[in-house]
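251 is the number of the first residue of the sequence shown in this note's numbering; add one for each residue after it.
From the three backbone atoms N, C-alpha and C, an ideal C-beta is built for every residue, glycine too.
Model, not experiment: these values are computed from the prediction.
Structure record follows, encoded as structure tokens.
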Amino acid sequence: MLAQRISPTIPVTVTAGILLGAAIGVVGTRALLLIAGAPVLMLLLWQPKWSFWLLVATIPVTIDFGGGLTVTRIIIPLVGLCILSNALLRRCPWPNPVGNTAARMGTLFFLSVLLALTVAWLNQTVPLDTVGLNTELAGYATRLALFFVTLSFVQRPRDVRQVLIVLVVSGVLESLIVVAQMHFRLVLPGDWRFSAWANVASTGGTFRAEGTTPHPVFLAGFLQMVLPFAVLFLLRARRIILKLALAAAVVLILYAWYAAYSRSSLVAIAVMVAVAVYLFSGWGRALVITGGLAFLVVLAAHGWSLPDLAQTFEDIRNFGAAVRRGQLTSGAGSLQFRLESSAGGWNLFMANPLFGVGLAQAIHQYLPYLPHWAVTPFHPVAIHNAFLEVAAESGIMALLFFSSLWLLAFRGVLSAWNDRRLAPYARALFIALVGQFMFVIMTPMVRDVWFTLPLAAACGQIMAARARDRQPSPLPAAPDTTLSPA
Numbered sequence: 251m252l253a254q255r256i257s258p259t260i261p262v263t264v265t266a267g268i269l270l271g272a273a274i275g276v277v278g279t280r281a282l283l284l285i286a287g288a289p290v291l292m293l294l295l296w297q298p299k300w301s302f303w304l305l306v307a308t309i310p311v312t313i314d315f316g317g318g319l320t321v322t323r324i325i326i327p328l329v330g331l332c333i334l335s336n337a338l339l340r341r342c343p344w345p346n347p348v349g350n351t352a353a354r355m356g357t358l359f360f361l362s363v364l365l366a367l368t369v370a371w372l373n374q375t376v377p378l379d380t381v382g383l384n385t386e387l388a389g390y391a392t393r394l395a396l397f398f399v400t401l402s403f404v405q406r407p408r409d410v411r412q413v414l415i416v417l418v419v420s421g422v423l424e425s426l427i428v429v430a431q432m433h434f435r436l437v438l439p440g441d442w443r444f445s446a447w448a449n450v451a452s453t454g455g456t457f458r459a460e461g462t463t464p465h466p467v468f469l470a471g472f473l474q475m476v477l478p479f480a481v482l483f484l485l486r487a488r489r490i491i492l493k494l495a496l497a498a499a500v501v502l503i504l505y506a507w508y509a510a511y512s513r514s515s516l517v518a519i520a521v522m523v524a525v526a527v528y529l530f531s532g533w534g535r536a537l538v539i540t541g542g543l544a545f546l547v548v549l550a551a552h553g554w555s556l557p558d559l560a561q562t563f564e565d566i567r568n569f570g571a572a573v574r575r576g577q578l579t580s581g582a583g584s585l586q587f588r589l590e591s592s593a594g595g596w597n598l599f600m601a602n603p604l605f606g607v608g609l610a611q612a613i614h615q616y617l618p619y620l621p622h623w624a625v626t627p628f629h630p631v632a633i634h635n636a637f638l639e640v641a642a643e644s645g646i647m648a649l650l651f652f653s654s655l656w657l658l659a660f661r662g663v664l665s666a667w668n669d670r671r672l673a674p675y676a677r678a679l680f681i682a683l684v685g686q687f688m689f690v691i692m693t694p695m696v697r698d699v700w701f702t703l704p705l706a707a708a709c710g711q712i713m714a715a716r717a718r719d720r721q722p723s724p725l726p727a728a729p730d731t732t733l734s735p736a
């Protein structure tokens, strides 16, 4: 009788509990992450597009749960499994590495990086930095996935709009985390966190926020990418409640960007604003031209020396105190080491033009190639110019392919400039690309560009497909009646 009253689900529940307890005992609390991820896996298998959105939403997320388990190492296999499974069932497109010009150019870039690394491995005169290499390879795995998934999933204007909404929501969530860091001293997992080093629990509020990124500069670069799209949705919103919500989102993102305090991003934002004003305002165009000429005059008065100009601004009463923050070099010093780093990267590239020195190896070799005018007493762990970083580490072919991706991206957004449905997004994307270009010529490679570059190229693919659809089909040839009977 007792056995009849026992529910058949009880043995299953007990077994699941035993397995859960055993899993926690073996791998610790990380087993809870796997259990929490099971419903997410089911949702992603049900809606393959959500896999793409998840990949985009986690662009700024670099959280370490310990034991080598990171968000990236969870998300990339999960997204890959869901997309490939649905592609086999023909429920979503295959990420095609040769499907269009941008995909082929991206494939050639990644292959050239791999080829350069192979050559460096075979020709090494000193042991390669395997720790840095593993970190860079993990970063390139994320970039590769983001690039090809974006190219394959963005096929209609609706896809562009939806993924940009996801990006803005991600930016708002990132900004809320920054607020928690600044006002509640939140420290995310990971011993390498910048905030942990700065001991934010005891600081007086002068530290720089990094959100879920590995460094405040990367946070600023991500938020500057989000800003044009947040402003675009604000300007296009019709309902007053939505307008207020988006206005609050823009203010929140600006606050988080300011909390990160990146001078390279500040320059990029200034250029973005100038481009926007020049393109969309008649009086602003004259103002931008006048400002540009004034800047050239001031620069000429300093012998065309950017470090000297920065030092002049820093010496202005109260200006230096306003821009100096904890954990920052001076404005002039920040620009100086970036110029020195770029010059050293260029010299290293010229010494190894074909294949470079190998991925993640430039930092160990470029210091002797610094210019004779280098005076900065320290240098960061990467060449602060993404283009020269690629050139020095992977050679001329990788640089050409990487530059070609930028050209394809700008051509893609310009092709959609006046399209009725794509124009607003293409114009905002153009401004974001200009800002990112300015940002990466002063910063090492960031994963953000591996979303915007394929997104812009996808806009060009959408316009090309429309042009093919509009072409009239050829008329059938008239029958030959020359031999027909009279």
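With 16 or more other Cβ atoms from the protein chains shown falling within 10 Å of its own Cβ, Thr400 counts as buried. Using a Cβ distance threshold of 8 Å, Gly421 and Leu484 do not count as a contacting pair. Taking the Cα positions, Ala673 is about 16 Å away from Thr702. In this structure, the beta-carbon distance from Val363 to Arg354 does not fall below 8 Å. Using a C-beta cut-off of 8 Å, the segment 704 to 714 makes no contact with the segment 482 to 496, since fewer than three inter-stretch Cβ pairs fall below that distance.
Fully contained in the segment 503 to 558 are the following alpha helix (DSSP H) runs of length 4 or more, in chain order: 513 to 530, 532 to 551.
For Ser514 against Met692, the beta-carbon gap comes to about 4 Å, under 8 Å, which counts as contact.
Pairing Ala395 with Leu658 gives a Cβ-Cβ distance that is not under 8 Å. Taking all protein chains shown into account, Ser531 has fewer than 16 neighbouring C-beta atoms within 10 Å of its C-beta and is therefore exposed. If you look at Gly606, you'll find it isn't in any alpha helix (DSSP H); DSSP assigns it neither H nor E.
Taking a contact to require three or more Cβ pairs closer than 8 Å, the segment 514 to 527 and the segment 677 to 693 qualify as touching.
Apart from the 5 residues on each side of it in sequence, Thr322 sits with its Cβ closer than 6 Å to the Cβ of Thr392 in its chain, given in chain order. Counting only the Cα atoms, Phe434 lies some 45 Å from Asn346.
In the structure shown, Cys342 adopts coil according to DSSP, grouped into three states. Counting C-beta atoms within 10 angstroms of its own C-beta, Ser555 has fewer than 16 neighbours from the protein chains shown and is therefore classed as exposed. With contacts defined by Cβ atoms closer than 8 Å, Ala366 and Gly595 do not form a contacting pair.
Taking a C-beta distance under 8 Å as the contact criterion, Gly461 and Val428 qualify as a contact pair. Boundaries cannot be given for Ile613, as no alpha helix (DSSP H) includes it and DSSP labels it neither H nor E. Here Gln374 is exposed. Its C-beta has fewer than 16 other C-beta atoms within 10 Å.
By the Cβ-count criterion, Asp719 is exposed, with fewer than 16 other Cβ atoms from all chains shown falling within 10 Å of its own Cβ.
Taking a contact as a CB-CB distance under 8 Å, the pair Pro704 and His634 does not count as one, their CB atoms being some 24 Å apart. Between Ala337 and Met432, the C-beta spacing is not below 8 Å. Counting every other CB atom within 10 Å of its CB across the protein chains shown gives Leu620 a total of 16 or more, marking it as buried.
A distance of 8 Å or more separates the beta carbons of Gly330 and Phe397.
At a Cβ-Cβ threshold of 8 Å, Val413 and Val306 count as neighbours.
Annotation: the continuous alpha helix (DSSP H) that includes Thr351 extends over 351 to 372. Between Ile325 and Leu304, the C-beta gap is smaller than 8 Å, which places the two residues in contact. Less than 8 Å divides the Cβ of Gly382 from the Cβ of Ala610.
Boundaries for Arg406: no alpha helix (DSSP H) harbours it, and the DSSP string shows neither H nor E there.
Approximately 4 Å separates the beta-carbon atoms of Met713 and Ser665; this is inside 8 Å, confirming the contact.
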